[in-house]
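The block underneath contains the structure these notes are about, expressed in structure tokens.
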Amino acid sequence: MSKRDWSSFEPEPQDVGTFARAVAGTPAEGWWDDYATVEDTDAYAAPEGWIVQLVEARTSDADEAHDFADLAEAALRAELGTPEERAAVHGYTDATWIDAVAVALGAGQVLVWPVEDAAVALLRVGVGDRLDVWLVTALGAAASATLPALLPPERDGAPTFDELPDELARTFRWLARRRLPVGVEPGGSLDGWFPEGTDPAALERLRPLVQLDGTGSVGALWRADDGRDLVVALGSEGDRFVVADSVLDLVRLMAVGYEELDRPSGPPVTPFGVLRAAELRAWVEESFGVDVPREWVSGGPDEFSAWLDAVLGEDTTPAEPPAGMPEGALGGDVDVLLGALGTADAVQRIAYLLALPAETTQRDLEALGVEIDLGRSGARTIWVDPLDYPRAGQLFDGLDVDTSDFDTVVARWGTPEKAGPDGGWARYVVGGRYLHLEVASDGIGRVTLMTDAP
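Residue numbers (numbering that gives the first Met the number 0): 0 to 453.
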């Protein structure tokens, strides 16, 4: 592929897979197809350029991902020469678009090739003990200009959002200029939430701020009993919980990269919301002097859900679980995982179990087959996929996840509290918590640990 092809490449998603295949220098069929095809290559196109995920860590063997990164780098070196290895620039004033993308993804290595009026970057992003590989192309001014230079002048008559708190108004003014979608809009209404006759003093403690999604979920300021102004979510499906500790925290949340904010917890479902919010992340961190985390924790039950239940006269207290086995009765990693339920440091506990670094994130654990539903009151649900879990042999004492069927489980642990009619699943109560197993003739499948049963 010639240099002219690089610099004139149009950021059309349907072309990205073809282009990435050419960059990798691999045949049209064969090894490359173990990773992606032209049809399913994930891509994000923007006016500044485009981004393609060549290898996604959760579905790729770690060694093969490193091999693929080396192959792509060799192809780019052969085509474009020696790259510059760049330490990604944090902040907004001095960062380029590629820098913002690299920081948002958490890239450990950034190789950049300038190509006429464009720039191409190969990013290696560690996820747990695995690797994501990304190809980023910046076009025109975005190839070298800093982020402030990409910000259009403020338009006459542009909305000021003065009805909102200062940090939120400043953020929406910046977003309106940059025209970046982040899944949140100003406004919102409490209509439908409170029946006629609700205590007016209770309603005065709530002030709608934003729409959290496209289905009517509202983010509002709530004056808590202790006088703090917390940002709460009133979901279109009845969810109610504290989403942020302040308006500034809400701004930080907007820059994490969730597609919508109706249930923001854990890592964003896909990285493409993270990419759309990359510039916002840089702007927020520099403008307000705060850090934007890679993951968020929210979700009830919490102080707001308890208050709203009382206002509405509802009782959502979960039923006490039936008697079951005592805590620690099973043996193996599952005892530690059950013990992590209800704790705020569940991620750190599981990371310690798996001998992972202290800075391990929920996304790192997802790459290893462990997903956590983490709310303000702690971990509510933990899912474990034995196929990806690195200590599958130590998951249960006396049960082999590859061979144990329903009868083997019952012989080991006794009659379950509930079970599927065909023996396809079993649920046990252990130390007041629930353990749900999917069981087949060829072994144990997905394991679900819960504080409350559905």
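Every residue, glycine too, gets a C-beta built ideally from N, C-alpha and C. Source: prediction; values computed, not measured.
>> Applying the 10 Å Cβ sphere with the 16-neighbour rule, what's the burial state of Ala354?
In response: exposed
>> If I follow the unbroken alpha helix (DSSP H) through Ala94, where does it start and stop?
In response: Unbroken run through Ala94: none, as it is neither H nor E.
> Among Gln210, Gly444, Leu249, Thr450, which residue has its Cα nearest to the Cα of Leu394?
Replying inline: Measuring from the Cα of Leu394, the nearest candidate turns out to be Gly444.
> Closest to Val54 by CA distance: which of Asp69, Arg169, Ala45 is it?
Replying inline: Asp69
>> Check whether the region 208–221 and the region 264–271 are in contact - that is, three or more C-beta pairs closer than 8 Å.
In response: no
> The beta strand (DSSP E) with Arg426 in it runs from where to where?
Replying inline: 424–429
>> Tell me the rounded alpha-carbon separation between Gln52 and Val135.
In response: 9 Å
>> Quick check on the DSSP output: the beta strand (DSSP E) that includes Leu205 runs from which residue to which?
In response: Where Leu205 is concerned, the enclosing beta strand (DSSP E) stretches over 205–210.
>> For Leu367, which residues in the same chain have their Cβ closer than 7 Å to its Cβ, ignoring the five residues on either side in sequence?
In response: Gly127, Leu353, Asp387, Tyr388, Pro389
>> Would you call the region 236–251 in contact with the region 159–166, where contact means no fewer than 3 C-beta pairs closer than 8 Å?
In response: yes
> Excluding the five sequence neighbours on either side, which residues of its own chain have a C-beta within less than 7 Å of the C-beta of Lys417, listed in chain order?
Replying inline: Sequence-distant partners of Lys417 (beyond 5 residues in either direction) whose C-beta falls short of 7 Å from its own C-beta, in its chain, are Arg426.
> Relative to the C-alpha of Thr447, which residue among Ala243, Thr145, Asp372 is closest?
Replying inline: Thr447 has its Cα closest to that of Asp372, out of Ala243, Thr145, Asp372.
> Mapping DSSP to helix, strand and coil, what is Glu166?
Replying inline: Helix, per DSSP.
>> DSSP three-state label for Asp228, please.
In response: strand
>> Report the CB separation of Phe160 from Pro185 in whole angstroms; it is logged as a contact under 8 Å.
In response: 6 Å
> At which residues does the beta strand (DSSP E) containing Gly272 begin and terminate?
Replying inline: Run containing Gly272: none in the beta strand (DSSP E); it sits in the alpha helix (DSSP H), 270–275.
> CA-CA distance, Leu146 and Gly105?
Replying inline: Those two C-alpha atoms are separated by around 18 Å.
>> Helix, strand or coil, according to DSSP, for Phe287 in the structure here?
In response: helix
>> Assess contact between the region 409–424 and the region 297–306, defined as three or more Cβ pairs (one per stretch) separated by less than 8 Å. Is contact present?
In response: Too few Cβ pairs lie closer than 8 Å, so no.
> Helix or strand or just coil, what does DSSP make of Leu122?
Replying inline: strand
> Between which two residues does the alpha helix (DSSP H) containing Glu370 stretch?
Replying inline: From DSSP, Glu370 is part of no alpha helix (DSSP H) but of the beta strand (DSSP E) over 369–374.
>> Since Ala281 and Ala99 should fall inside the 8 Å C-beta cutoff, what is the C-beta to C-beta distance between them, to a whole number of angstroms?
In response: 5 Å
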